[in-house]
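Participant:
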Amino acid sequence: MPTHTPPPATFTPQGPARRRLPGSAARISTSFSFNPNDSSYSDVSIMSPSRGRAAFISSAEQGNMSMSQVSPARTPLRRGTANSILGRWSRAQPPGTGTSSRSRLCDTSVEASDELEDLEGDARDNMIASMRVWRGDAAIHNLYETAAFWADKILSLTGQEKYEEALEMIGETNPFRKESIAEVGPLDGIRLHSTMCFLRGILYLRLSSMALAKESFIEALVIDVKNYDAFREIVEEWEFVNNLSYRSQLGPEEATFVRLMYLSKLRKDAHVSEIAAVRRELIDNYGLGDNPDVLVGLAEELFARYKWEDCYSVTSKILARIPGHPSALPLHLACMHYIPRLRSSLFMLAHDLVQQDPDAATTWYAVGLWYFTGKRWAEARRHFSKANLIDPRFAPAWIAFAHSFAWEGEHDHAITAYSTAARLFPGSHLTLLFIGMEHLQLSSSQLAEEFFLASAALHPSDPLLLNELGVTAYDRGDMGAAIKYFERAIAGAGEMQGRTAAWAVTHANLGHAYRISGRYAEARAAYAGCIALDPTNATAYASQAMLAQLEGDVRTAIALYHRALALVPQEPVATVLLEMALKEQVECLDPTTLPGLPAAIARSDLDPFNVSKGNPAFGPLPVEADPKSLEEAGGESLMSDLVEESMEIEDD
Numbered sequence: 001m002p003t004h005t006p007p008p009a010t011f012t013p014q015g016p017a018r019r020r021l022p023g024s025a026a027r028i029s030t031s032f033s034f035n036p037n038d039s040s041y042s043d044v045s046i047m048s049p050s051r052g053r054a055a056f057i058s059s060a061e062q063g064n065m066s067m068s069q070v071s072p073a074r075t076p077l078r079r080g081t082a083n084s085i086l087g088r089w090s091r092a093q094p095p096g097t098g099t100s101s102r103s104r105l106c107d108t109s110v111e112a113s114d115e116l117e118d119l120e121g122d123a124r125d126n127m128i129a130s131m132r133v134w135r136g137d138a139a140i141h142n143l144y145e146t147a148a149f150w151a152d153k154i155l156s157l158t159g160q161e162k163y164e165e166a167l168e169m170i171g172e173t174n175p176f177r178k179e180s181i182a183e184v185g186p187l188d189g190i191r192l193h194s195t196m197c198f199l200r201g202i203l204y205l206r207l208s209s210m211a212l213a214k215e216s217f218i219e220a221l222v223i224d225v226k227n228y229d230a231f232r233e234i235v236e237e238w239e240f241v242n243n244l245s246y247r248s249q250l251g252p253e254e255a256t257f258v259r260l261m262y263l264s265k266l267r268k269d270a271h272v273s274e275i276a277a278v279r280r281e282l283i284d285n286y287g288l289g290d291n292p293d294v295l296v297g298l299a300e301e302l303f304a305r306y307k308w309e310d311c312y313s314v315t316s317k318i319l320a321r322i323p324g325h326p327s328a329l330p331l332h333l334a335c336m337h338y339i340p341r342l343r344s345s346l347f348m349l350a351h352d353l354v355q356q357d358p359d360a361a362t363t364w365y366a367v368g369l370w371y372f373t374g375k376r377w378a379e380a381r382r383h384f385s386k387a388n389l390i391d392p393r394f395a396p397a398w399i400a401f402a403h404s405f406a407w408e409g410e411h412d413h414a415i416t417a418y419s420t421a422a423r424l425f426p427g428s429h430l431t432l433l434f435i436g437m438e439h440l441q442l443s444s445s446q447l448a449e450e451f452f453l454a455s456a457a458l459h460p461s462d463p464l465l466l467n468e469l470g471v472t473a474y475d476r477g478d479m480g481a482a483i484k485y486f487e488r489a490i491a492g493a494g495e496m497q498g499r500t501a502a503w504a505v506t507h508a509n510l511g512h513a514y515r516i517s518g519r520y521a522e523a524r525a526a527y528a529g530c531i532a533l534d535p536t537n538a539t540a541y542a543s544q545a546m547l548a549q550l551e552g553d554v555r556t557a558i559a560l561y562h563r564a565l566a567l568v569p570q571e572p573v574a575t576v577l578l579e580m581a582l583k584e585q586v587e588c589l590d591p592t593t594l595p596g597l598p599a600a601i602a603r604s605d606l607d608p609f610n611v612s613k614g615n616p617a618f619g620p621l622p623v624e625a626d627p628k629s630l631e632e633a634g635g636e637s638l639m640s641d642l643v644e645e646s647m648e649i650e651d652d
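Okay, so the sequence shown: first residue is 1 according to UniProt numbering, each after it adds one.
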C-alpha cells in the first residue's frame, strides 16, 4: 500500500478569501462517514461571497455582458431627510384643526419628502449601476478581487430574498424553449437563455422545489454545455452529462476537452474505471496533472475507496497551492478525522479557520468535526448546525449533523436528519444507506432492507452497504446470501487504509453465518480473522467457544468463555453458555479426565471420590503420633490441663 509523507507541521491551509455559493463544496461525497463516497466541484476562480441571498451568478464571471440590467433593484429606503425635519416642525405646532396655513405646510412637507425620496432612490440606483460597471471592467481586466469586492456591495444593496417575485419575473418555464433548441452551432459566449434557466433553477432550489430545479439545470446545460454552474448542480447525472451534444455546440477539440473535464468531475463511487481513464487522458494529452480540478477528482476517488492517507496527500498538495480550496478542504478535514495521528492537526486547522474566515460554513464544520472526533456529540452538533445555517446546501455538515444523533442513540432524530439530507441532495447512496442503518438499529429489518436495496442501485460495491445487506439476509434466515454479502464486503475492505479494526465485525458476522450453516471450520477461520483485527472482541471468543462446545470439546469451550467474560464481564450470552458448559462437564464427563490432576489418578480401578489412605496418587500418608511417646514427653498431660482450663473458663 503506498504511503505518502504528510505536509510539514507548520503547514496550515488558509480559509477561502471568498466563499462559493452552494454547489462547489456541497456534494455529499465530502462528508465524513464510515463510507464517505461519502460535491459538485468548481473551478478555482474567485466567486462572490455567499450570503444566503438570491444572487447566485458569479459577478466576477458575468463581465459587461451580464444580466445585471434585469436585476431588480431594492426599493429605496424611506430615509426622508425633508420629511424628518419638516415633520418634526409640523408636529411641534399647537394642535388645531381647520387652519389653512397648517394644511398648506403639511402638504408642502409631504411633497418635499416624496421628491427627496425619489431623488435619493435615483441616486441609489445610479450608484448601483456604476458599481456594476466597475465590477464588469474589473473582471475583464482580471482584477477578480476588485470585481468580487464591488459585487459584494451590490449584493448587499439589492438582495431582497423575494424568490417568488423573482420567479414570477423570470417565468416558471423557459418561454424561449423553441428558440433555444433551434440555436445550434458554435458560439463564443454563454447563451443568455441558458443563464436564465440556471437562475430559474436556483430560485426553485431556494423554494425547495428540487425536481423543478433539476429540470431547469438540465435545460440550462442542454442549451449551452459551457454553463459550468448548471453542471455543478447536476454533477451526479452520468448518462446525461456523457451524452450532451458537445459537438453540435463546440468545435471538435473544444467538445472533447469540455466532455473530459465534465466527466472527470462526476461521482466517484460509480464508473470508477471510466473516470480514471478520463483523468489519464487529461494528464497525458493536455498536461493537466497539476491542475487543482483534476487533483480534486483524484482525491475524491481515493476518498471513495477509503484510501485516507493517499487522499490526504493529494489534498495537502492542492491546499499548499491554493489555501482554502473550497472543494479540497472538506475532503482534507474528513481525512484528518479518519487518521488518528492527525487529530491534533485537525484542532489547529479548525482554530486557524475560525480566526481567518469565521463566516464560512467549512470553518464551523471543521470545529464540529474536532468535537465529533472527541465523542462530544452535543458540541459537535451545535457547530454542524451553525455550518448549515451559513450554507444550507453544504452536504457534509448535514450528514455529520445526522451522525451526531446516530452515535448518541437518537435513532428517530437521526432518521429525520438523514431524510432531510436525502431530499436536499438526491442522487447519493449514502443517505439511503444511513437511513437503513438507523431502521436496522430500531429492529425494522424489512424496512431497512428496502433502503439498502435502493442504495445498492446507486453504488452496489460499497463494502459498508454489503455488510448491512448481509445483516438483513442473516435476519431473514438466508445464510447463503448473507455469506456472499459478507465475503464481498471483506474483499472490498481489503483495499481500505486507516483503522482496519472497524471491519472485525464483518468477519464475526461471516463466522456466524458459517456456524449456522454447519460449516464449522470456515466459521473458526472467520472468527480468527476477527480476533486478528480486534484482539479485544469478546463476541469472537464466545463464538469460538460455541463452536468448541458444539463439537464436544467442553473444556476448551469453558476456557474460551472465561476469556470472553474477562473482556466483558457482564456479557449475558457468554455467562449462560458458560453455566451450561460447566454443568455438562460435571454431569457427562469422566472426572478422571479433569485437567491438572496427577497422572496416577487416571487408573481405571480408582474412584477419586473414595480414596483409601496411603494412595500414592494423593501424596504421602500423614504421620500419626504414638500416644505413649506423647505421654512420656508430657504432651498428653499438657493437653489435658489445657482442656480443663478451658472448661473452667466456660463454667465461670
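Using N, Cα and C, we set each Cβ at its ideal position, and we do this for glycine too.
None of these values were measured; they are calculated from a predicted model.
My output table needs one value for Tyr-520: the three-state DSSP class, helix, strand or coil.
Facilitator: As a first step, residue 520 is located in the sequence shown; it is residue number 520 there, counting from the start. Helix at Tyr-520.
Participant: With burial defined as no fewer than 16 other Cβ atoms inside 10 Å of the residue's Cβ, what is the status of Ser-208: buried or exposed?
Facilitator: As a working note, residue 208 is residue 208 in the sequence shown. So Ser-208 counts as exposed.
Participant: What do you reckon, are the CB atoms on Phe-405 and Ala-361 nearer than 8 Å?
Facilitator: Stepping through the sequence shown from its first residue, residue 405 is reached at position 405. Stepping through the sequence shown from its first residue, residue 361 is reached at position 361. Result no, Cβ atoms of Phe-405 and Ala-361 do not sit closer than 8 Å.
Participant: Do you know how far the Cα of Phe-231 is from the Cα of Ala-255?
Facilitator: Position 255 of the sequence shown, counted from the start, is the residue given in the question as residue 255. Position 231 of the sequence shown, counted from the start, is the residue given in the question as residue 231. Taking the straight line from one Cα to the other gives about 15 Å.
Participant: Could you tell me which of Arg-341, Ala-397, Gly-289 sits nearest to Gly-368, measuring between CA atoms?
Facilitator: Your numbering for residue 368 matches position 368 in the sequence shown. Out of Arg-341, Ala-397, Gly-289, Ala-397 has the C-alpha closest to the C-alpha of Gly-368.
Participant: Between the region 460-470 and the region 484-494, do at least 3 Cβ pairs fall closer than 8 Å?
Facilitator: The answer is yes - the region 484-494 touches the region 460-470, with three or more Cβ pairs under 8 Å.
Participant: Let me make sure I understand the geometry here. Which of Arg-259, Glu-253, Glu-522 has the alpha-carbon closest to that of Leu-244?
Facilitator: Here residue 244 is taken as the residue at index 244 of the sequence shown, counted from 1. Nearest of Arg-259, Glu-253, Glu-522 to Leu-244, Cα basis: Arg-259.
Participant: Rounding to the nearest angstrom, what Cα-Cα distance links Leu-453 and Phe-217 in this structure?
Facilitator: Residue 453 sits at position 453 when you count from the first residue of the sequence shown. Residue 217 sits at position 217 when you count from the first residue of the sequence shown. One C-alpha to the other measures close to 28 Å.
Participant: Could you tell me if Val-576 is buried or exposed, where buried requires 16 or more neighbouring beta carbons within 10 angstroms of its beta carbon?
Facilitator: Here residue 576 corresponds to residue number 576 of the sequence shown, with the count starting at 1. With fewer than 16 Cβ atoms within 10 Å of its Cβ, Val-576 is classed as exposed.
Participant: Can Lys-583 be considered in contact with the ligand GDP, in the sense that its beta carbon sits closer than 7 Å to one or more heavy atoms?
Facilitator: With respect to small molecules bound, the structure shown includes none, and the ligand GDP cannot be examined in it.
Participant: Judging by CA-CA distance, which residue of Ser-517, Leu-432, Gly-436, Glu-450 is the nearest neighbour of Tyr-474?
Facilitator: Within the sequence shown, residue 474 is the residue found at index 474, counting from 1. Nearest C-alpha to Tyr-474: Ser-517.
Participant: I need the DSSP call for Glu-571, collapsed to helix, strand or coil.
Facilitator: Position 571 of the sequence shown, counted from the start, is the residue given in the question as residue 571. Glu-571: coil per DSSP, three-state reduction.
Participant: Under a three-way DSSP split, which group does His-383 fall into?
Facilitator: As a position in the sequence shown, residue 383 is number 383, starting the count at 1. His-383 falls in the helix class under three-state DSSP.
Participant: Short check: CB of Ala-564 to CB of Ala-548, under 8 Å?
Facilitator: One-based indexing of the sequence shown puts residue 564 at position 564. One-based indexing of the sequence shown puts residue 548 at position 548. The answer is no: Cβ separation not under 8 Å.
Participant: Looking at the structure shown, is Ile-339 part of a helix, part of a strand, or coil, going by DSSP?
Facilitator: Within the sequence shown, numbered from 1, the residue matching residue 339 stands at position 339. Ile-339 falls in the coil class under three-state DSSP.
Participant: Assuming Leu-333 contacts Tyr-365 under a Cβ cut-off of 8 Å, what Cβ separation, rounded to an integer in Å, is found between them?
Facilitator: Residue numbering aside, residue 333 sits at position 333 when the sequence shown is read from its first letter. Residue numbering aside, residue 365 sits at position 365 when the sequence shown is read from its first letter. Correct: roughly 7 Å between the Cβ atoms.
Participant: Out of Phe-425, Glu-495, Val-296, Met-336, point me to the one whose CA is closest to Ala-328's CA.
Facilitator: Locating residue 328 in the sequence shown gives position 328, where the first residue counts as 1. The shortest Cα separation from Ala-328 among Phe-425, Glu-495, Val-296, Met-336 belongs to Val-296.
Participant: Within 10 Å of its beta-carbon, does Pro-569 have 16 or more other beta-carbons around it, so buried, or fewer, so exposed?
Facilitator: Start at 1 with the first residue of the sequence shown, and residue 569 comes out as number 569. Exposed, by the Cβ-count rule.
Participant: With a Cβ-Cβ cutoff of 8 Å, do Glu-584 and Ala-542 count as a contact?
Facilitator: To locate residue 584, count along the sequence shown from 1; it is residue 584. To locate residue 542, count along the sequence shown from 1; it is residue 542. No, the pair does not count as a contact, with Cβ atoms beyond the cut-off.
Participant: Report the rounded CA-to-CA distance for Ile-275 versus Leu-266, giving the unit in angstroms.
Facilitator: By one-based count along the sequence shown, residue 275 stands at place 275. By one-based count along the sequence shown, residue 266 stands at place 266. If you take the alpha carbons of Ile-275 and Leu-266, they lie about 8 Å apart.
Participant: Just tell me which of Asp-229, Glu-579, Gly-189 has its CA closest to the CA of Leu-199.
Facilitator: The residue given as residue 199 occupies position 199 in the sequence shown. Nearest option by C-alpha distance: Asp-229.
Participant: Any idea what DSSP makes of Lys-307, helix, strand or coil?
Facilitator: Within the sequence shown, residue 307 is the residue found at index 307, counting from 1. Lys-307 falls in the coil class under three-state DSSP.
Participant: Taking the CB atoms as reference points, tell me whether His-411 and Leu-442 lie closer together than 8 Å.
Facilitator: Within the sequence shown, the letter at position 411 stands for residue 411. Within the sequence shown, the letter at position 442 stands for residue 442. Contact flag set, yes.
Participant: From what residue to what residue does the alpha helix (DSSP H) around Val-222 run?
Facilitator: Residue 222 sits at position 222 when you count from the first residue of the sequence shown. Here the alpha helix (DSSP H) through Val-222 covers 210-223.
Participant: Pull up the CB-CB distance for Val-294 and Leu-302, whole angstroms please, since I reckon it's below 8 Å.
Facilitator: Within the sequence shown, residue 294 is the residue found at index 294, counting from 1. Within the sequence shown, residue 302 is the residue found at index 302, counting from 1. With a Cβ gap of about 13 Å, Val-294 and Leu-302 do not count as contacting.
Participant: Look at the alpha carbon of Gly-251 and the alpha carbon of Met-261, and state the distance between them as a whole number of angstroms.
Facilitator: Here the question's residue 251 lines up with position 251 in the sequence shown. Here the question's residue 261 lines up with position 261 in the sequence shown. Straight-line Cα distance between these residues: approximately 15 Å.
Participant: Three-state secondary structure (DSSP) at Phe-405?
Facilitator: Mapped onto the sequence shown, residue 405 falls at position 405. Phe-405 falls in the helix class under three-state DSSP.
Participant: DSSP on Ile-322, reduced to helix/strand/coil?
Facilitator: By one-based count along the sequence shown, residue 322 stands at place 322. If DSSP states are grouped into helix, strand and coil, Ile-322 belongs with coil.
Participant: In three-state terms, what does DSSP make of His-332?
Facilitator: In the sequence shown, residue 332 corresponds to position 332, counting from 1. Three-state result, His-332: helix.
Participant: As an exercise, report each continuous alpha helix (DSSP H) stretch of at least 4 residues that is fully enclosed by the region 142-205, in chain order.
Facilitator: You should have 144-158, 163-170, 177-182.
Participant: Which two residues bound the contiguous alpha helix (DSSP H) that contains His-459?
Facilitator: Position 459 of the sequence shown holds residue 459. From DSSP, His-459 is part of no alpha helix (DSSP H); its letter is neither H nor E.
Participant: Measuring straight from C-alpha to C-alpha, what distance separates Leu-319 and Pro-330?
Facilitator: By 1-based counting over the sequence shown, the position of residue 319 is 319. By 1-based counting over the sequence shown, the position of residue 330 is 330. Looking at the two C-alpha atoms, the distance is approximately 11 Å.
Participant: Quick check: the region 124-134 against the region 152-160, are at least 3 beta-carbon pairs closer than 8 Å?
Facilitator: The region 152-160 vs the region 124-134: in contact.
Participant: So what does DSSP say about Phe-425, is it helix, strand or coil?
Facilitator: Counted from its first residue, the sequence shown places residue 425 at position 425. Looking at Phe-425 - three-state DSSP - the assignment turns out to be coil, as it is neither helix nor strand.
Participant: Use the C-beta contact count for Gly-511: other C-beta atoms within 10 angstroms, 16 or more gives buried, fewer gives exposed.
Facilitator: For the purposes of this step, residue 511 is identified with residue 511 of the sequence shown, where counting begins at 1. Gly-511 comes out buried.
Participant: Report the option in Val-354, Thr-416, Lys-375 whose CA atom is closest to the CA atom of Ala-387.
Facilitator: Locating residue 387 in the sequence shown gives position 387, where the first residue counts as 1. The option with the nearest alpha carbon to Ala-387 is Val-354.
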